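Residue numbers (my numbering): 45 to 216.
So the structure is just underneath, and the comments pick up after that.
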Amino acid sequence: MVMAVLVTAPTATSGSSANVERRPALEAAVIHELNEVRAAQGLEPLRSSPSLRSAARGHSRSMLDYGFFSHDSADGTAFSERIRRYYTNRGWRTWSVGEALLASQGIDIDAAGIVKAWLESPPHREIILSPTFRDAGIGALYAPSAPKEFSGSETVVVTADFGLREGRVSPS
């Protein structure tokens, strides 16, 4: 089963720490796949952003640890505020962020399947094919037994955080 959402209600939970593992090869493959799709549409490639990758990994980990699936954090913090902690708007005239999520039970999901699922969702497609976004960070994590909303299932959660920062503001 694959789930992809753009906006959901926040879910406050408390949970236990799952044995969560990063999937850096999958993260790199998702960026590559996103850029292939963008190139086919004549769009500029996304640059890999370490700060957006940290935001995305942290959110994927939190969802697996606490057993929820939402753009908002477990404590109800909006996704844009969560991302801003890593990918600051301070010092920039223009700042924008977007996010795509995917959860898959089991481990039989690859980058092409992830991007295909997002492209089949109109809001995700709009984000992926937006010429606005220039930076991206992917957080792909796996838990052999994810709690609560994932029902103890083997689960992969992928968070894709997209961003734009332009127009450096000179310090006064």
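We put the CB at the ideal spot given by N, CA and C, even for glycine.
Please read these numbers as outputs of a predicted model, since none were measured by experiment.
- If you look at S95, you'll find it in the alpha helix (DSSP H) that goes 94–110.
- Cα atoms of I151 and R169: separation of roughly 23 Å, rounded to the nearest angstrom.
- P167 and S214 have their alpha carbons spaced roughly 35 Å apart.
- The C-alpha of H115 is placed about 5 Å away from the C-alpha of F123.
- Taking all protein chains in view, the Cβ of R134 is surrounded by fewer than 16 other Cβ atoms within 10 Å, so the residue is classified as exposed.
- According to the DSSP secondary-structure assignment, A180 is paired through a beta bridge with S92, F206.
- For V81, the uninterrupted alpha helix (DSSP H) run begins and ends at 68–84, by DSSP.
- A contact between stretches requires three or more CB pairs, one per stretch, nearer than 8 Å, and the stretch 68–83 meets this requirement with the stretch 171–184.
- Short of 8 Å from the beta carbon of S140, and not among the five residues preceding or following it, lie these beta carbons of its own chain, in chain order: T176, F177, G207, L208.
- Annotation for N79: P89, L90 place their beta carbon closer than 8 Å to its own, counting only its chain and skipping 5 residues before and after.
- Excluding the 5 residues flanking it on each side, N63 has same chain C-beta neighbours closer than 8 Å at A187, P188, S189, in chain order.
- Under the DSSP assignment, A147 falls outside any alpha helix (DSSP H), being part of the beta strand (DSSP E) whose first and last residues are 136–149.
- Residue environment for A155: buried (at least 16 other C-beta atoms within 10 angstroms of its C-beta).
- Excluding sequence positions up to five before and after E210, its CB lies within less than 7 Å of the CB of W136, R137, T138, all in the same chain and listed in chain order.
- Secondary structure note for I127: its alpha helix (DSSP H) is the uninterrupted segment 123–128.
- The three-state secondary structure of G157, taken from DSSP, is helix.
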